[in-house]
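Trainee: Residue numbers (our numbering), protein chains in the order written: chain S, 10 to 205; chain L, -9 to 637.
Think of the CB as a built atom: it goes at the ideal place given N, C-alpha and C, for glycine as much as any other residue.
Here the structure is a predicted model, which is why all the values come from computation and not from measurement.
Would you mind keeping the following structure in view while I ask a few things?
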Amino acid sequence: MSTTSAAFAVHAEQVDHDPRALRWVSMSTLPGTGRLVRCPGSLGELLDQDWFTDALAERHGLWLWLRDDLSWSGVGQQVRRGLVGALRAPDQWGFEDATEDLIRVVLRDVLAGETGEYIRSHGGNIEPTRISADGSVELELSGACSDCPARGITLHDRVESVLRERLTDLGEISWHNAHRESSPQRLFHLLPTRRR
Amino acid sequence: MTLRHPGSGAVQLTPQLERFALVGSPNAGKTTLFNGLTGLRAKTGNYPGVTVSRYEGVTRFSGHELLIEDLPGTYSLDPISPDESIVSGIIDPEVAEHDQPRGLIALLDATSLRRSLGLLAQLMTTRQPVAVVLTFTDELARRQGRVDVAALSRALGLRVIPVISGRGDGVRAVQEAMVEVDSWPAPAIVPPSDHDELRGWVDSVLAAAGYQVPEIDSRTRRIDGLLLHPVSGTLIFLAVMYAFFQIIFTVAAPMQDQVEAFFGWLGGLASEGITIGWLSSFVSDALLGGLGGVLVFLPQIMLLFVMIALMEGTGYMSRAAFLMDRVMARAGLEGRAFVALLSSLACAIPGIMATRSLPSAKDRIATIMAAPLMTCSARLPVYVMLIALLVSPDAKLGPFGAQGTVMFGLYLLGAVSAMSAAWVFKRIGGRSGIALPFYMEMPSYRLPSLRTVALTVWESSKAFLRKVTSIIMITTIVMWALLNLPLHSDADMLAAGVDPTDEVAASAYVIDNSLAASVGNAVEPVFEPLGFDWRINIGVLSSLAAREVFVATLGQVAAAQNPDNPGSALQTMTVDSGARAGEKLFDTATVIALLVFFVYAMQCMSTLGVIRRETGTWRWSLIAFGYLSVLAWVMAFAARSLTLALL
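Given below as structure tokens:
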């Protein structure tokens, strides 16, 4: 019983500062990633009736932005049932490429969540400066990150790996330090710091 | 298991404060948190069905005062048992019979998160403000389990506060959370209510939180292999109980001697120092001989509760319940019934209230009818006193003390009788419906917290002292009056051939011709076949108020006859009339009959009152009183006849 239903196990997570959005997390992998344009069953009908202003799919999560005149507390159960039903017919899902939007949303989510908290707790900060249509991402490190000897490992283990777990079309990730007025490592402002 | 005595009830409702309710499954750590928040008002329990009545307490935090309600432990809001209907009644906004709490504090046991989430989903569905307290995270880590608290909080859409038992910072975090109730996150959509959909939601949340089920503690598993084994487990259980009753006599006896010596000294002072005749008699007989006679059993009562607290604190009580559950199943009763019967070892009242967790009305009645047979702490003084009359402290049974062995036998007789009674009442009641699942958690073995043990002993000692200074004192004073009235003039005594200046002879004359003696003599025909004389009769009658009064009444009689050493007065007391005239009153056969009588007799008005309250009718109180009184007489008669035949 548990194994059959686990394939269609979902729950919804709220998104910080975006009450219109819910991230529907699925235990099973979604049929594809990108902007959802076609979907079977009742979720497909809701999609066709423009219930959502946008629908983006990452590997295990479907981002849905609800139209302004609807409320999640009102229609949430209906969407859930639609999603569970649609997951039973994975071959009928259709996606459009939305690499840039998807990366932006997921990256924001990752940096707002536990990963970002970890970085902020160490006095650092990470901001995306450029996201390209080919999936490449440029990040800017500031605060304690700039001089942190472990920044490479942190970026790889805590940011890149999390992103790759959630996104299929992620390209290269590069990073640079933010320009700063001063650095604790600069000896009396005499020695120049190296910028990447 | 609830160790409260009647009288230590819940705190009064204080409606002007903001109220928060603690909700969670039994054993989720609710009572511990409640104690931590309110400052030791309820007892810690490691036992399913720990909280049966409504408990409230006030928590104070940086200028705020909040009311905390500890709801009965429950696995769901489906009102199957009375306990669960209380909880769902308080929580469900559609049920208007209770005030809505300002917020719900849901306790989730991190070591059994999957099951806890089912209850949480139901709580969230009510759309009331909910915050989650995640308990036993330390145990989860120790047993190689894992949960990401931040991810769990995101997946649930709720505030999640991890607490570690015995740490104050968790309590503070909960208090802070309650103060900020207005900013608690509310999930945008509630979990589904359909069974399969709910299962999917739980799976998904657990996966998102990276939950890893804890391994069964290897130490616990090894110990359980031994303790839960049908043969070795049962033997160990019996050995533990046997050892305990040995301890009651070997450890408590010296303490009891001290207390006795103290009261003897006070008695000496009183009879010398108080010149007013009746006042001297009142102080030395009623207060010191009667009440003092009961108070000397405080060490035993304390020891009993030390043992119960240790068994609970270590996690052994659940194992005992599990073992006994098999026996109970034979009797056709389920595990919940045994939990209730086990509670009755402290006092039948919490035991009877614990039957609220029984979903079947028939099982409930059967258990209520059986609960008074379990040996409660009120019988302990009576047993100790009578056993001292039966066997000397030095008597041995092999390497073990005979007194402890007799006590063990009495507890065993009580337990066996209780189960038989439950079986019979279940049969009379006919077949009951389908058996509902009974969860009994086996907590890992833990070192009991000293504070919890001390608290249990303190609470029960307080309850005992309160009982001694209320119902027992009142009954004792009434008995003193009955034993000393009507007044006799010196001329009466001289006419009867008694020297009024001989105090002992005079007081013996007064008692022998008192109202109490007339009452005792009047019921003589009923109790004569059991070997009781009028003195025992009034003891038995007065103990209808509370069992300990038997000790107090006989203490008064003995103190009047031999103020210096009431203990030996009982030993040497002789029957003054009837077939056994001149014989020792407390001979072996009579003491055995008395002991057996007290195993069965329903001598507790509070219990009858609670039966009435729990069943809603006096009928069951009367049935309990009737069947137990008849049983007590018949069994005592049988025991006496058997003893006489064997000796």
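What residue range is occupied by the uninterrupted beta strand (DSSP E) comprising S/TRP74?
Mentor: Note, S/TRP74: beta strand (DSSP E), 70 to 75.
Trainee: I want to verify the contact list: residues of chain S whose CB lies under 8 angstroms from the CB of L/TRP174, in sequence order.
Mentor: None at all; the shortest Cβ gap to chain S is about 13 angstroms.
Trainee: Is any beta-carbon of chain S found at less than 9 angstroms from that of L/ALA145?
Mentor: Yes, L/ALA145 counts as interfacial toward chain S.
Trainee: Which class does S/ARG47 belong to by DSSP, given the choice of helix, strand or coil?
Mentor: Residue state, collapsed to three classes: strand.
Trainee: Cutting at 7 angstroms between CB atoms, please list the residues of its own chain near L/ALA198, excluding the five before and the five after it.
Mentor: Answer for L/ALA198: ALA141 and ALA145, listed in chain order.
Trainee: Show which residues of chain S have a CB atom less than 8 angstroms away from the CB atom of L/TRP413.
Mentor: Residues of chain S passing the Cβ test: none, with the nearest at roughly 37 angstroms.
Trainee: With H, G and I counted as helix, E and B as strand and the rest as coil, what does DSSP make of S/TRP102?
Mentor: Correct three-state label for S/TRP102: coil.
Trainee: Is it right to say L/ASP172 is buried, meaning 16 or more other beta carbons lie within 10 angstroms of its own, or is it exposed?
Mentor: Exposed: under 16 other Cβ atoms inside 10 Å.
Trainee: For the beta strand (DSSP E) that L/ASP60 lies in, which residues bound it at each end?
Mentor: Counting along the chain, the beta strand (DSSP E) containing L/ASP60 begins and ends at 54 to 60.
Trainee: Select from L/THR357, L/GLU55 and L/LYS352 the residue whose C-alpha is nearest the C-alpha of L/PRO340.
Mentor: Checked all of L/THR357, L/GLU55 and L/LYS352; the closest Cα to L/PRO340 is L/THR357.
Trainee: Here's the rule I'm using: 16 or more other beta-carbon atoms within 10 Å means buried, otherwise exposed. How should L/PRO289 be labelled?
Mentor: L/PRO289 comes out buried.
Trainee: Does the separation of the CB atoms of L/PRO152 and L/VAL139 fall below 9 angstroms?
Mentor: Yes, Cβ-Cβ distance for L/PRO152 and L/VAL139 is below 9 angstroms.
Trainee: Use the C-beta contact count for L/ALA330: other C-beta atoms within 10 angstroms, 16 or more gives buried, fewer gives exposed.
Mentor: Buried: at least 16 other Cβ atoms inside 10 Å.
Trainee: Following the continuous alpha helix (DSSP H) through L/PHE588, name the residue where it begins and the one where it ends.
Mentor: Per DSSP, L/PHE588 belongs to the alpha helix (DSSP H) from 578 to 590.
Trainee: Closer than 8 angstroms to a non-hydrogen atom of the ligand NAP - does that hold for the CB of L/ARG456?
Mentor: Although the ligand NAP was asked about, the structure shown includes no ligands whatsoever.
Trainee: L/ARG211 and L/GLY303 - do their beta-carbons sit closer together than 9 angstroms?
Mentor: Cβ atoms of L/GLY303 and L/ARG211: not closer than 9 angstroms.
Trainee: Would you say S/SER35 lies against chain L (beta-carbon separation less than 9 angstroms)?
Mentor: It does: the Cβ of S/SER35 has a partner Cβ on chain L nearer than 9 angstroms.
Trainee: List, in order along the chain, the chain L residues whose C-beta lies closer than 8 angstroms to that of S/ARG89?
Mentor: The answer, in chain order, is ILE179, PRO182 and GLU187.
Trainee: L/GLY391 bridges to which residues according to DSSP?
Mentor: L/GLY391 pairs with L/LYS386.
Trainee: Using a C-beta to C-beta distance shorter than 7 angstroms, which residues of chain C count as neighbours of S/HIS131?
Mentor: The structure shown contains no chain C; the protein chains it does contain are S and L.
Trainee: Let me make sure I understand the geometry here. Which of L/LEU57, L/GLN90, L/ASN17 and L/GLY26 has the alpha-carbon closest to that of L/THR64?
Mentor: Nearest option by C-alpha distance: L/ASN17.
Trainee: Is there a Cβ from chain L that is less than 9 angstroms from the Cβ of S/ALA18?
Mentor: Yes, S/ALA18 lies at the interface with chain L (some Cβ there is under 9 angstroms from its Cβ).
Trainee: Taking one C-beta from the region 248 to 259 of chain L and one from the region 504 to 518 of chain L each time, how about it: are there three or more such pairs within less than 8 angstroms?
Mentor: Flag = no, the region 248 to 259 of chain L and the region 504 to 518 of chain L do not touch.
Trainee: Tell me, to the nearest whole angstrom, how far the beta carbon of L/VAL581 is from that of L/LEU400; I am working on the premise that it is less than 8 angstroms.
Mentor: That belief does not hold up - the Cβ atoms of L/VAL581 and L/LEU400 are roughly 12 angstroms apart, past 8 angstroms.
Trainee: With three or more beta-carbon pairs closer than 8 angstroms as the criterion, would you say the region 369 to 376 of chain L touches the region 278 to 289 of chain L?
Mentor: Taking 8 angstroms as the limit for Cβ pairs, the verdict is that the region 278 to 289 of chain L does touch the region 369 to 376 of chain L.
Trainee: Would you say L/ALA311 faces chain S, with C-beta separation under 9 angstroms as the test?
Mentor: No, no contact with chain S.
Trainee: In terms of residues, what are the limits of the alpha helix (DSSP H) holding S/ARG126?
Mentor: The sequence shown places Glu at residue 126 of chain S, not Arg. Taken as a continuous stretch (DSSP letters only), the alpha helix (DSSP H) holding S/GLU126 covers 123 to 130.
Trainee: Can you name the start and end residues of the beta strand (DSSP E) that L/THR125 belongs to?
Mentor: Taken as a continuous stretch (DSSP letters only), the beta strand (DSSP E) holding L/THR125 covers 120 to 125.
Trainee: Along the chain, where does the alpha helix (DSSP H) that runs through S/ILE140 open and close?
Mentor: It is not in any alpha helix (DSSP H) - S/ILE140 instead sits in the beta strand (DSSP E) that spans 133 to 140.
Trainee: L/ALA583 to L/THR605, Cα distance in whole Å?
Mentor: If you take the alpha carbons of L/ALA583 and L/THR605, they lie about 32 angstroms apart.
Trainee: Buried or exposed, going by whether 16 or more other CB atoms sit within 10 Å of the CB of L/ASP489?
Mentor: L/ASP489 comes out exposed.
Trainee: What are the start and end residues of the beta strand (DSSP E) that includes S/PHE61?
Mentor: Its beta strand (DSSP E) spans residues 61 to 66.
Trainee: Got a sec: is the Cβ-Cβ distance from S/VAL93 to anything in chain L below 9 angstroms?
Mentor: Yes, S/VAL93 counts as interfacial toward chain L.
Trainee: Output needed for S/ASP118: all residues of its chain with C-beta closer than 6 angstroms, excluding positions within five of it in sequence on either side, in chain order.
Mentor: Counting only Cβ-Cβ distances below 6 angstroms, and skipping sequence neighbours, we find nothing.
Trainee: Going by DSSP, what residue range makes up the beta strand (DSSP E) through L/PRO639?
Mentor: With chain L running from -9 to 637 in the structure shown, residue 639 of chain L is simply not present.
Trainee: Closer than 9 angstroms, Cβ to Cβ, to anything on chain L: give me those residues from the region 101 to 130 of chain S, in chain order.
Mentor: The residues in question are GLY122, GLU123 and GLU126.
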